[in-house]
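A short worksheet on the structure shown next.
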Amino acid sequence: MERVDLMGCYHALLLTCLLKAGFFTSLVEVVKLPDQHIAVMTAVLMGQLLHMANSILPPEYFCFSLKLPDLIAAAMSPDEQGERNRASEVINCLDRIHQMKKQPVKPSSLYLKLTLEQAGYFSGKGRSHNNLMHNVHISNEMDDLTLQSHIRDTLVLTNPREYPSWDWNLILSLLHVSGHCQ
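Laid out in structure tokens, this is it:
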């Protein structure tokens with residue numbers, strides 16, 4: 005029997021509360037301020053929180069809850085040059101943070117390498133990045149009939165031009181399971 009990761013549940017609850025309270029929207033507003041140091045610190049905080057939310061929150065909730073389009077709109081705004089430049093810098097900083105987070109861990113010492121190997125980090129036996137089950141009826145070991153049934157349930161094939169009627173939650177879950185929405 006596997007133990008529940010209480011810290012993962014706590015972090016997921018905390019991130020959900022922050023999202024519901026509009027914390028990311030407030031961070032986008034802080035980025036627009038003229039102070040460069042605060043904008044950089046806010047970008048780093050946003051990057052860490054986005055990475056954490058992407059790794060522990062279900063994609064059905066995470067993908068629709070963020071207010072990052074506000075940041076992109078600020079970066080494309082023709083009104084104020086300074087605000088546009090700061091928003092563009094923050095987007096570039098978020099991209100660099102994302103690229104760094106995608107790279108595998110490279111231990112800097114033999115002791116750290118042995119510790120990570122004993123923890124099962126390199127073999128995949130250790131603590132999972134995504135220990136919360138995103139959708140109970142979707143798993144990685146789906147047979148073809150189940151997958152075809154789920155694809156049919158999305159309504160993408162039956163109504164290809166009626167995208168508002170598609171089951172977007174199921175689509176995102178299928179993409180997440182297949183590894184395309186990470």
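Just remember that our numbering sits 4 ahead of the position in the sequence shown, which is counted from 1.
For glycine and all other residues, C-beta sits at the position ideal for the given N, C-alpha and C.
For clarity, every value in this text was computed on a predicted model and none was experimentally measured.
(1) According to DSSP, is D9 part of a helix, a strand, or is it coil?
(2) For L174, which residues of its own chain have a beta-carbon under 7 Å away from its beta-carbon, when the five flanking residues on both sides are left out?
(3) Starting from M45 and walking both ways along the alpha helix (DSSP H), at which residues does that stretch end?
(4) In chain order, what residues of the same chain have a beta carbon less than 7 Å from the beta carbon of P38, not counting five sequence neighbours either side?
(5) According to the Cβ coordinates, are L53 and L19 closer than 8 Å?
(6) So, at 8 Å on beta carbons, what are the nonlocal neighbours of D171 in its own chain, with the 5 sequence-adjacent residues on each side left out?
(7) L151: which of S177, Y167 and R165 sits nearest, CA to CA?
(8) Leaving out the 5 sequence neighbours to the left and right, which residues in its chain are closer than 7 Å to G130 when beta-carbon positions are compared?
(9) CB-CB under 6 Å to A91, same chain, minus the five flanking residues each way: which ones, in chain order?
(10) Sort A47, G12 and V34 by Cα distance to N96 and report the nearest one.
(11) Exposed or buried, K110, counting other C-beta atoms within 10 Å across all chains shown (16 or more means buried)?
Judging by the given coordinates:
(1) Coil.
(2) Same-chain partners within the cutoff: H154, D157 and T158.
(3) Taken as a continuous stretch (DSSP letters only), the alpha helix (DSSP H) holding M45 covers Q40 to I60.
(4) Closer than 7 Å at the Cβ level, and outside the excluded window around P38, lie G86.
(5) Contact: yes.
(6) So the qualifying residues of the chain are D157, T158 and L159.
(7) Just measuring C-alpha positions, the residue of S177, Y167 and R165 sitting nearest L151 is S177.
(8) Because G130 sits at a pLDDT of 41, beneath the cut-off of 50, its placement in the model cannot be relied upon, and the following sentence gives the value as read from the coordinates. Correct list, in chain order: A123 and G124.
(9) By the criterion of a C-beta distance shorter than 6 Å, A91 is surrounded in its chain by L75, A78 and A79, once the five residues flanking it on both sides are discounted.
(10) Considering only alpha carbons, the answer is A47.
(11) K110 comes out exposed.
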